[in-house]
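These protein sequence lines map, in sequence, to chains A and B.
Counting along the first sequence from 1, when you hit position 102 you're at 105 in the numbering used here, and nothing is skipped either side.
Counting along the second sequence from 1, when you hit position 82 you're at 85 in the numbering used here, and nothing is skipped either side.
In what follows, a structure is listed as structure tokens, so that the remarks can point back to it.
There are 2 protein chains.
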Amino acid sequence: MDRNDDFESCSCTIIHEDVIKKVRAIISEEDKFYELAELFKVLGDLTRVKIIKALLESEMCVCDISALFGMNQSAISHQLRILKQARLVKFRRDGKVVYYSLDDHHVEQLFDCGFTHIKEN
Amino acid sequence: MDRNDDFESCSCTIIHEDVIKKVRAIISEEDKFYELAELFKVLGDLTRVKIIKALLESEMCVCDISALFGMNQSAISHQLRILKQARLVKFRRDGKVVYYSLDDHHVEQLFDCGFTHIKEN
DNA sequence: ACATTATATGGAAATATGTTCATATGTTCA
DNA sequence: TGAACATATGAACATATTTCCATATAATGT
């Protein structure tokens, strides 16, 4: 079952070269996975998850969100900027007030899928 | 300073109370969203994304993964522990070798959904 | 028992991240 | 024009994260 092959980049002596070869292609797609990881990183923060969840219900201004979560306006602005850069939210300005809303409907699907995992464990 | 006492952390005077009321329920579900954010946080790292992608193809031992990515065995072990704690991977021991494999098939769906978002932007 | 090998783990260092504070920007209205 | 207000942003700070190093643990074979 085990193959003893020398492989220079690892000090281990037991390497399954057939497996490595099969899976090696994913390294060439590293950029793709970097983007995916970046997306998940954006979603990997409680404040941002709550903002998205709130925006699933209704568009909201920065001040509403700050009030809703009892958080600093600055903190919310910073987080909205991250969500904006990830193209997850968009905004419209109405006078002094800036309203944010979701820019991607896949987020809901991602959330549902995430919850499915959580519930199964 | 006139301040709305209901929302101590926000000094804004224009608040859309109806919107706040509508969305307020999500605060009571904070634990749920904390778990979701934690899941996304685990997926929000390139090394872990690559490990998962690799394990989608085949079960692999720690050494294989280290060799494949040209990374320290210790780094891989630490990352596998995080994935294990999130119940995303499982392992079996065969002598000295520990083989890791995926423990959740929803991950693939999450990845697909993430890629859909990335492609649309 | 001892050496070897694969993996796990604690600690340290470098880096990344989230929040707050102070302040800037942009808009409205007197 | 200038005051008031909503939002944005840079800097600073505290905390979290990732990797590496050294070493521990576990399994195997001599």
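Every residue, glycine too, gets a C-beta built ideally from N, C-alpha and C.
On a predicted model such as this, the values are computed, not experimentally measured, just so you know.
- Only residues of its own chain outside the window of five on either side were considered, and among them VAL45, GLN82, ILE85, LEU86 have a CB closer than 8 Å to the CB of ARG51/A, listed in chain order.
- Here the segment 55-71 of chain B lies against the segment 26-34 of chain A, with 3 or more beta-carbon pairs under 8 Å apart.
- Secondary structure remark: continuous alpha helix (DSSP H) runs of at least 4 residues inside the segment 47-80 of chain B, in chain order: 49-60, 65-72.
- Chain-ordered listing is empty here: chain B has no CB closer than 7 Å to the CB of ARG95/A, the nearest sitting near 14 Å.
- In this structure, LEU105/B places its C-beta atom within 8 Å of the C-beta atom of LEU91/B.
- Bounds of the alpha helix (DSSP H) holding LYS25/B are 20-26.
- Under the 10 Å beta carbon count, ASP97/A is surrounded by fewer than 16 other beta carbons and is classified as exposed.
- Within chain A, no residue has its CB atom less than 8 Å from the CB of GLN88/B, the nearest being about 11 Å off.
- About 17 Å separates the beta carbon of LEU59/A from that of GLY117/B, a gap too long to meet the 8 Å contact definition.
- Rounded to the nearest angstrom, the Cβ distance from ILE54/A to ILE68/A is 6 Å, consistent with a contact under 8 Å.
- When secondary structure is reduced to three states using DSSP, LEU91/A falls in the coil class, being assigned neither helix nor strand.
- Against chain B, a Cβ distance below 7 Å from VAL22/A picks out SER61, MET63, ASP67.
- For the segment 102-120 of chain A, the beta-carbon criterion of a distance under 8 Å to any beta-carbon of chain B is satisfied by ASP107, HIS109, VAL110, GLN112, LEU113, PHE114, CYS116, GLY117, PHE118, THR119, HIS120.
- Per the C-alpha coordinates, the member of SER80/B, ASN75/B, GLU41/B positioned closest to ALA89/B is GLU41/B.
- Any Cβ of chain A closer than 8 Å to the Cβ of ARG84/B would place that residue at the interface, and such an atom is absent.
- Residues of chain A whose Cβ lies closer than 8 Å to the Cβ of ILE79/B do not exist, since the nearest Cβ in that chain is about 10 Å away.
- Interface residue (Cβ-Cβ distance to chain A less than 8 Å): ASP34/B is not classified as such.
- Following the DSSP letters along the chain, one finds GLY98/A in no alpha helix (DSSP H), marked with neither H nor E.
- Contact of VAL52/A with chain B by beta-carbon distance below 9 Å involves PHE36, TYR37, LEU39, ALA40, PHE43.
- Counting along the chain, GLU32/B sits inside no alpha helix (DSSP H), nor does DSSP assign it H or E at all.
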